[in-house]
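According to the working numbering, the residues represented by the sequence shown are 1044 to 1325, in order.
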Amino acid sequence: MARYHADLHCHSTASDGSDPPARVVERAKERGLHVLALTDHDTVAGVAEAQEAGRRLGVQVIAGTELTCYIGKREIHVLGYGIDINHPGLKNHCEAFQAKRIERAQLIGQRLAQAGAPIDIDAVMRNADGGVIGRPHIAKALMEAGHVKDFQEAFDRFLGDGKPANVPKLEVSPQECVAVIREAGGMAIMAHPALGDQFDLIDTMIAAGCSGVEVCHSAHDEATQNRLHAIVIDRGYAHSGGSDCHGTVKGCEPILGNYGLNAQQWKKFTAAFERATGRPLT
Ligand code: AMP
Ligand code: ZN
Ligand code: FE
Ligand code: FE
1044 MARYHADLHC HSTASDGSDP PARVVERAKE RGLHVLALTD HDTVAGVAEA QEAGRRLGVQ
1104 VIAGTELTCY IGKREIHVLG YGIDINHPGL KNHCEAFQAK RIERAQLIGQ RLAQAGAPID
1164 IDAVMRNADG GVIGRPHIAK ALMEAGHVKD FQEAFDRFLG DGKPANVPKL EVSPQECVAV
1224 IREAGGMAIM AHPALGDQFD LIDTMIAAGC SGVEVCHSAH DEATQNRLHA IVIDRGYAHS
1284 GGSDCHGTVK GCEPILGNYG LNAQQWKKFT AAFERATGRP LT
């Protein structure tokens, strides 16, 4: 029996996860999840395949995404749920990101060569297989070239915030990012506030139009979850949760279903969605 009813944060090969969208849904089924939201970075390209698999397997698949925005040099992620994946504004936004990510990957390649860790960036792009190219793809190439021993070292030495090969994506503001989600009919949630220590940005993100925050997440320890839980209860924010599973990309076993919402929390989440958007979440 799964501990969680819903896992509302995961990635597929449409961005930087290791499993194709349909395989992610199969895994959700194996883990006993009833609800899954596919939330690939700055894209919805995997959602149709995931929803098709969901219909076949009896898993409710919520159309989702995880959009990137910035306040100064700080990168914040915003989860969007229940979006219309064919909405023109959303499509434009994702296309602009995709184009920028290709340019960015070339720049990261140049910076890595300058830092003494050359990789074949064109091969990395081919391996991304038309998906959204991200730093995890590059981290893998750095491992394969023997420049780093594991995924984390690639970020700690080269790719993380403030490191020599860190290049921003499109410098979108929280307001713009949340507006894309809301105009596409969705509810916006601030992702993993403890990653990068972003507690101080919660109220800013709510003011920008987010309905709530992600509480249960693989990077949040118990104390962090309790702290976030107190905030959402106290201020009446919506409460989301998910594993942020990337399959095997980060060098661990898939963690799908290990974090999320229980049945009661899921019910509250759907009520929050209706309040935010005026329609039921399907
Ligand atoms: P990108 O979309 O190219 O910016 O890559 C974002 C992904 O890189 C995140 O989803 C994480 O999986 C990973 N990532 C970002 N920063 C770090 C970090 N400091 N340590 C480990 N992984 C990170
Ligand atoms: Zn990712
Ligand atoms: Fe994220
Ligand atoms: Fe994520």
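Glycine included, C-beta positions come from ideal geometry on N, C-alpha and C.
field: Sequence-distant residues of the same chain with beta carbon closer than 8 Å to residue 1193, five excluded per side
entry: Against the sequence shown, residue 1193 aligns to sequence position 150. Correct list, in chain order: 1186, 1294.
Length of the line joining the Cα atoms of residue 1108 and residue 1200: Residue 1108 sits at position 65 when you count from the first residue of the sequence shown. Residue 1200 sits at position 157 when you count from the first residue of the sequence shown. Those two C-alpha atoms are separated by around 28 Å.
- request: List the endpoints of the continuous alpha helix (DSSP H) containing residue 1121.
  value: Position 78 of the sequence shown, counting from 1, holds the residue named residue 1121. Looking at the DSSP string, residue 1121 is not in any alpha helix (DSSP H); the run it does join, the beta strand (DSSP E), is 1117-1124.
query: So residue 1227 and residue 1130 are in contact, right, with Cβ under 8 Å, and what is the actual spacing, rounded?
result: Counting from 1 along the sequence shown, the entry for residue 1227 is found at position 184. Counting from 1 along the sequence shown, the entry for residue 1130 is found at position 87. Between residue 1130 and residue 1227 the Cβ distance is about 4 Å, and since that is below 8 Å, they are a contact.
query: Of the residues 1120, 1178, 1305, which one's Cα is nearest the Cα of residue 1210?
result: For the purposes of this step, residue 1210 is taken as residue 167 along the sequence shown, with counting starting at 1. Residue 1210 has its Cα closest to that of 1178, out of 1120, 1178, 1305.
message: Taking a contact to mean a Cβ-Cβ separation below 9 Å, would you say residue 1213 touches residue 1281 in this structure?
response: Taking the sequence shown and counting its residues from 1, one reaches residue 1213 at position 170. Taking the sequence shown and counting its residues from 1, one reaches residue 1281 at position 238. No, they are not a contact pair.
- prompt: Considering only residues of the same chain and omitting the five flanking positions on each side of residue 1000, which have a CB-CB separation below 6 Å?
  reply: Residue 1000 is absent from the structure shown; the chain starts at 1044 and stops at 1325.
message: Output needed for residue 1225: all residues of its chain with C-beta closer than 7 Å, excluding positions within five of it in sequence on either side, in chain order.
response: In the sequence shown, residue 1225 corresponds to position 182, counting from 1. Same-chain partners within the cutoff: 1231, 1252.
- prompt: Roughly how many angstroms separate the alpha carbons of residue 1091 and residue 1102, rounded to a whole number?
  reply: In the sequence shown, residue 1091 corresponds to position 48, counting from 1. In the sequence shown, residue 1102 corresponds to position 59, counting from 1. Each residue's alpha carbon lies about 14 Å from the other.
- request: Please name the residue, chosen from 1289, 1279, 1239, 1291, that lies closest to residue 1267 on a Cα-to-Cα basis.
  value: Here residue 1267 is taken as the residue at index 224 of the sequence shown, counted from 1. Ranking the options by Cα distance to residue 1267, first place goes to 1239.
field: Where the beta strand (DSSP E) through residue 1103 begins and ends
entry: For the purposes of this step, residue 1103 is taken as residue 60 along the sequence shown, with counting starting at 1. It spans 1103-1114 - the beta strand (DSSP E) in which residue 1103 sits, taken as one unbroken run.
- prompt: Would you say residue 1121 and residue 1237 are within 9 Å of each other, going by their C-beta atoms?
  reply: Sequence index remark: in the sequence shown, residue 1121 carries index 78 (1-based). Sequence index remark: in the sequence shown, residue 1237 carries index 194 (1-based). Their beta carbons are not under 9 Å apart, which means residue 1121 does not touch residue 1237 by this criterion.
field: C-beta contact flag for residue 1286 and residue 1304 at 9 Å
entry: Against the sequence shown, residue 1286 aligns to sequence position 243. Against the sequence shown, residue 1304 aligns to sequence position 261. No, the pair does not count as a contact, with Cβ atoms beyond the cut-off.
message: My assumption, with CB atoms under 8 Å, is that residue 1202 sits in contact with residue 1184. Please give the rounded CB distance.
response: For the purposes of this step, residue 1202 is taken as residue 159 along the sequence shown, with counting starting at 1. For the purposes of this step, residue 1184 is taken as residue 141 along the sequence shown, with counting starting at 1. Their Cβ separation, rounded to whole angstroms, is 11 Å, which puts residue 1202 and residue 1184 out of contact at 8 Å.
query: Leaving out five residues before and five after residue 1316 in sequence, what residues of the same chain have Cβ atoms less than 7 Å from its Cβ?
result: The sequence position of residue 1316 within the sequence shown is 273, counting from 1. Taken in chain order, the residues that qualify are 1124, 1125, 1230, 1324.
message: Measuring straight from C-alpha to C-alpha, what distance separates residue 1046 and residue 1300?
response: Working through the sequence shown from its first residue, we reach residue 1046 at position 3. Working through the sequence shown from its first residue, we reach residue 1300 at position 257. Whole-angstrom Cα-Cα distance: 8 Å.
- prompt: If you draw a straight line from the C-alpha of residue 1058 to the C-alpha of residue 1174, how long is it?
  reply: One-based indexing of the sequence shown puts residue 1058 at position 15. One-based indexing of the sequence shown puts residue 1174 at position 131. Cα to Cα, residue 1058 sits roughly 5 Å from residue 1174.
Residues sharing a beta bridge with residue 1078, DSSP: Residue 1078 sits at position 35 when you count from the first residue of the sequence shown. Residue 1078 pairs with 1049, 1103.
query: Got a sec? Which residues, its chain only, sit under 6 Å from residue 1096 by beta carbon, not counting five neighbours each side?
result: Reading the sequence shown from its first residue, position 53 is the one you call residue 1096. Around residue 1096: 1065, 1068.
- prompt: Taking DSSP as the reference, what is the three-state secondary structure of residue 1237?
  reply: Counting from one through the sequence shown, the residue named residue 1237 turns up at place 194. Residue 1237: coil per DSSP, three-state reduction.
CA-to-CA distance, residue 1198 to residue 1117, given in whole angstroms: Along the sequence shown, one-based indexing puts residue 1117 at 74. Along the sequence shown, one-based indexing puts residue 1198 at 155. Near 16 Å, if we compare the C-alpha coordinates of residue 1198 and residue 1117.
field: Through-space distance from residue 1262 to residue 1346, alpha-carbon basis
entry: No answer is possible for residue 1346: it lies beyond the span of the chain, which begins at 1044 and ends at 1325.
- prompt: Regarding residue 1159 and ligand 1, is the C-beta to nearest heavy atom distance less than 8 Å?
  reply: The residue labelled residue 1159 in the question sits at position 116 within the sequence shown. No, since every heavy atom of ligand 1 falls outside the 8 Å radius drawn around the Cβ of residue 1159.
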